[in-house]
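Participant: One line per chain: the protein sequences are A and B, in this order. Residues 1 to 406 in UniProt numbering are what the first sequence spells out, letter by letter. Residues 1 to 147 in UniProt numbering are what the second sequence spells out, letter by letter. Backbone N, C-alpha and C define an ideal beta-carbon position, used for all residues, glycine too.
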Amino acid sequence: MTSVPLVSVFSADDSTKVTAKHIPLPAVFQTPIRPDIVSFVHTNIAKNRRQAHAVNPQAGMQHSAESWGTGRAVARIPRVSGSGTHRSGQAAFGNQCRKGRMSLPIKVWRRWHRRVNIKQKRHAAASAVAATGIVPLVLARGHRISQVPQIPLVVEDKIESYEKTTDALNFLKRFGAFEDVQKVVSTKVVRAGISKQRGKKYRVRKGPLVVYFNENAKLLKAFRNVPGVEVVNVTRLNLLQLAPGGQLGRFVIWTQSAFAHLDKLFGTYRYASVLKDGYQLLRPLLTNPDLARIINSNQVQEKVQPAKTTTVLHEVQKKNPLRNTKAMDRLNPYARKQRAAAIAAIKANTKGTKKIKKNKALKKASRAAFNKVSAALNDATNAAVQEEQDIKVKYFSVQKGAAQAE
Amino acid sequence: MSQQVLWEVVKGNNAFLVKRNGLTLSTDPFNNTGVQTYGNTGFISQNAIGVVPTSGKTNQINNINLVARKSTKFQQVDRKAKNTQSVYASTLAVKHGVHTASRVIRKRFGTSRLGLQKAALRKLVNLNRSNAVRRRNEVAAAKAQKK
Chain A
1 MTSVPLVSVF SADDSTKVTA KHIPLPAVFQ TPIRPDIVSF VHTNIAKNRR QAHAVNPQAG
61 MQHSAESWGT GRAVARIPRV SGSGTHRSGQ AAFGNQCRKG RMSLPIKVWR RWHRRVNIKQ
121 KRHAAASAVA ATGIVPLVLA RGHRISQVPQ IPLVVEDKIE SYEKTTDALN FLKRFGAFED
181 VQKVVSTKVV RAGISKQRGK KYRVRKGPLV VYFNENAKLL KAFRNVPGVE VVNVTRLNLL
241 QLAPGGQLGR FVIWTQSAFA HLDKLFGTYR YASVLKDGYQ LLRPLLTNPD LARIINSNQV
301 QEKVQPAKTT TVLHEVQKKN PLRNTKAMDR LNPYARKQRA AAIAAIKANT KGTKKIKKNK
361 ALKKASRAAF NKVSAALNDA TNAAVQEEQD IKVKYFSVQK GAAQAE
Chain B
1 MSQQVLWEVV KGNNAFLVKR NGLTLSTDPF NNTGVQTYGN TGFISQNAIG VVPTSGKTNQ
61 INNINLVARK STKFQQVDRK AKNTQSVYAS TLAVKHGVHT ASRVIRKRFG TSRLGLQKAA
121 LRKLVNLNRS NAVRRRNEVA AAKAQKK
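1. Evaluate T287 (chain A) with the Cβ neighbour count: other Cβ atoms within 10 Å of its Cβ, from every protein chain shown; 16 or more gives buried, anything less gives exposed.
2. Compute the distance between the beta-carbons of G207 (chain A) and V181 (chain A), then report whether it is under 9 Å.
3. Which residues in chain B have a C-beta closer than 7 Å to the C-beta of D290 (chain A)? List them in chain order.
4. Going by DSSP, what residue range makes up the beta strand (DSSP E) through L66 (chain B)?
5. With DSSP as the reference, identify every bridge partner of V7 (chain A), one or two as the case may be.
6. To test your reading of the DSSP string, which unbroken beta strand (DSSP E) runs of 3 or more residues are found completely within the region 150-177 of chain A?
7. Out of A:L242, A:I294, A:Q305 and A:L6, which one is the CA nearest neighbour of P125 (chain A)?
8. Which two residues bound the contiguous beta strand (DSSP E) that contains L92 (chain B)?
9. If distances are taken between C-alpha atoms only, which option among B:K70, B:V52 and B:Q75 comes closest to I64 (chain B)?
10. What residues from chain B crowd round V135 (chain A), counting only those whose CB sits closer than 7 Å?
11. For Y269 (chain A) versus R250 (chain A), is the C-beta distance shorter than 9 Å?
12. In terms of alpha-carbon separation, which member of A:S186, A:Q120 and A:L322 lies closest to L239 (chain A)?
13. Determine the contact status of A119 (chain B) and N32 (chain B), defining contact as a CB-CB distance below 9 Å.
14. Can you list, in chain order, the residues of the UniProt domain "Ribosomal eL28/Mak16" (5-130) of chain B whose Cβ is nearer than 8 Å to any Cβ on chain A?
15. Is N324 (chain A) buried or exposed, if buried means 16 or more other CB atoms sit within 10 Å of its CB?
16. Please list, in chain order, the residues of the region 14-32 of chain A that have any C-beta partner in chain B closer than 9 Å.
17. Which term fits Q96 (chain A), buried or exposed, when burial requires 16 or more other beta carbons within 10 angstroms of its beta carbon?
18. Taking CB distances under 9 Å as the criterion, tell me whether G228 (chain A) reaches chain B.
19. In the DSSP output, what is A91 (chain A) paired with across the bridge?
20. Does the separation of the CB atoms of T165 (chain A) and N225 (chain A) fall below 9 Å?
21. Taking the continuous alpha helix (DSSP H) assigned at T100 (chain B), which residues delimit it?
22. Taking the Cβ atom as the reference point for each residue, do L137 (chain A) and L6 (chain B) lie within a distance shorter than 9 Å?
23. Please report how far the alpha carbon of A342 (chain A) lies from the alpha carbon of K326 (chain A), in whole angstroms.
24. Check whether the region 54-68 of chain A and the region 77-95 of chain A are in contact - that is, three or more C-beta pairs closer than 8 Å.
25. When you compare only the Cα positions, how much space is there between K351 (chain A) and F370 (chain A)?
26. Within the continuous beta strand (DSSP E) that includes N233 (chain A), where are the two ends?
27. So with CB distances below 8 Å, who are the chain E contacts of P35 (chain A)?
28. Using 8 Å for Cβ pairs, my map puts R122 (chain A) next to K276 (chain A). What's the rounded Cβ distance?
29. In the DSSP assignment, what residue or residues form a beta bridge with E66 (chain A)?
30. Quick one: does S146 (chain A) have its CB under 9 Å from some CB of chain B?
31. Is the beta carbon of A59 (chain A) less than 9 Å from the beta carbon of P78 (chain A)?
32. Would you tell me roughly how many angstroms separate the C-alpha atoms of L41 (chain B) and L139 (chain A), rounded to the nearest one?
33. Could you check whether the Cβ of G82 (chain A) sits closer than 9 Å to any Cβ belonging to chain B?
34. Can you tell me the Cβ-Cβ gap for A130 (chain A) and V7 (chain A), rounded? I've got them flagged as a contact below 8 Å.
35. Determine, using beta carbons only, whether R191 (chain A) comes closer than 9 Å to chain B.
36. If you follow the beta strand (DSSP E) that S26 (chain B) is part of, which residue opens it and which one closes it?
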């Protein structure tokens, strides 16, 4: 980034007034958005608040049931011993049996918690913080921010001294955050399922997250009762609050000192973090991810070959120019003149020569000769045929004579 | 923020996504077709225009608003702007008829993104038509009342 984006700090009493006009954005907000890291870390960290539970280890096993073995015309499942009650002889112990124990009963020593590498957790948190500063992501998460004056919303530290809930509400109204609170209120539903009988009656959406810095801040109490609003200290930013459900883009309201503290917390691209020992912000793979802009830039377009136009070779039926005069003329405009010249030349040639007179005498003589020849040919043919006939007759008569002789 | 990067984050799950009957639809105000695709999803882009019917009773002939997505260096509301602003959009009420609104749309898209341009214009026309029916009924009702 050549130029650092700037952010205004708003006055707590008046959303139109700006107390500090241009504060540079902390480097965290420039970290690459990594939904893969965030969702991985979230799915694991979300398991860490679970409380161990288990099934009674004796459940379904409190019988002296034994299998009857084979030969009794019953299944080989263990059966309850004794007599005098319906229960005797009934199947027991198996997971398939009524009143049997479950298969693989849950044990308390199930691995409830997951550890995640610290670096991954930090990268996820940084990414989640960065996402809170991107309007489309906050919109995509479903927050109502149409009236909010700025994202990220930074307000002067005065709100940290709010004690009354009315002050908190009025503050939220002034900054257009109340729409989000209203969303939370109107979408509160009774939970489906048994959990409603186990202390989780309602499903409540998440509203704005207020982040403060000074430890003695009273605003926790002021915002505590506002539905959907959560309050957290900068030093204890929680991924489960920054990206609830693994979804990036929570609507966050920062106090000025909290905002300023982010640089120390996460470090910058120049200096590693002060408070997270040895932690350096993740660097993006692409500093400019805008592919469209890269492709259309001068540097790329200069090197790129001109776009190929699609040429259709045989859209129209091909005409042979050697036989089709129009096709020839299209290819060679001079062909017309050549043709005309050729015709003219032929005409010129024929004009000079004498006409060959038909020689009648010659014709007669030739005809006579032809007739003679053809007559001779005919005679010859006839003679040959006749000769053949004579031989044949002779032959057969000889045969006859021979036969007669015999 | 690049539209491509945002799409990778948002395509799987977002507040406007509606999946029903095998269709992937969107209630995004900047989406004029209603189907969620990369190009159509306006709220992740820098220069989309949504044609939106106004909510509530307004004193407009057309109950249409143009919501123009804006990208500013720092995402702030411009209080000096003439049309109503939010962090992510400026809203223009279609008061002076459909033609001026269509010019706004055409100017924003220029010669690029014809598909998006046409979708916006189509929606504008359709909303206008439905408004015309409403207005006609209102006029008829007013006349009947006068009598």
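Facilitator: From the atom records:
1. exposed
2. yes
3. Scanning chain B for C-beta atoms nearer than 7 Å to the C-beta of D290 (chain A) yields S2, reported in chain order.
4. The continuous beta strand (DSSP E) containing L66 (chain B) extends over residues I64 to R69.
5. A:I23
6. 153-155
7. According to the sequence as given, residue 125 (chain A) is Ala; it is not Pro. When the alpha-carbon of A125 (chain A) is set against those of A:L242, A:I294, A:Q305 and A:L6, the nearest one is in A:L242.
8. A89 to A93
9. Checked all of B:K70, B:V52 and B:Q75; the closest Cα to I64 (chain B) is B:V52.
10. Q75, V87 and Y88
11. no
12. A:Q120
13. yes
14. Taking 8 Å as the Cβ-Cβ cut-off against chain A, the residues of the UniProt domain "Ribosomal eL28/Mak16" (5-130) of chain B that qualify are V5, L6, E8, V9, V10, N13, N14, A15, F16, F43, I44, K73, F74, Q75, Q76, V77, R79, S86, V87, Y88 and A89.
15. exposed
16. T16, H22, L25 and P32
17. Its Cβ having fewer than 16 others within 10 Å, Q96 (chain A) is exposed.
18. Not an interface residue.
19. The secondary-structure analysis by DSSP pairs A91 (chain A) across a beta bridge with A:R79.
20. yes
21. V98 to F109
22. yes
23. 17 Å
24. Under the Cβ criterion (8 Å, minimum of three pairs), the region 54-68 of chain A counts as touching the region 77-95 of chain A.
25. 35 Å
26. E230 to N233
27. This model lacks chain E altogether; the protein chains it does include are A and B.
28. 6 Å
29. A:R79
30. Judged by the 9 Å Cβ criterion, S146 (chain A) is in contact with chain B.
31. The answer is no: Cβ separation not under 9 Å.
32. Correcting the residue identity first, residue 41 (chain B) is Thr in this sequence and not Leu. Cα to Cα, the separation comes out at about 12 Å.
33. Not closer than 9 Å to any Cβ of chain B, the Cβ of G82 (chain A) fails to qualify, so no.
34. About 13 Å separates the two Cβ atoms, so there is no contact after all.
35. no
36. L23 to S26
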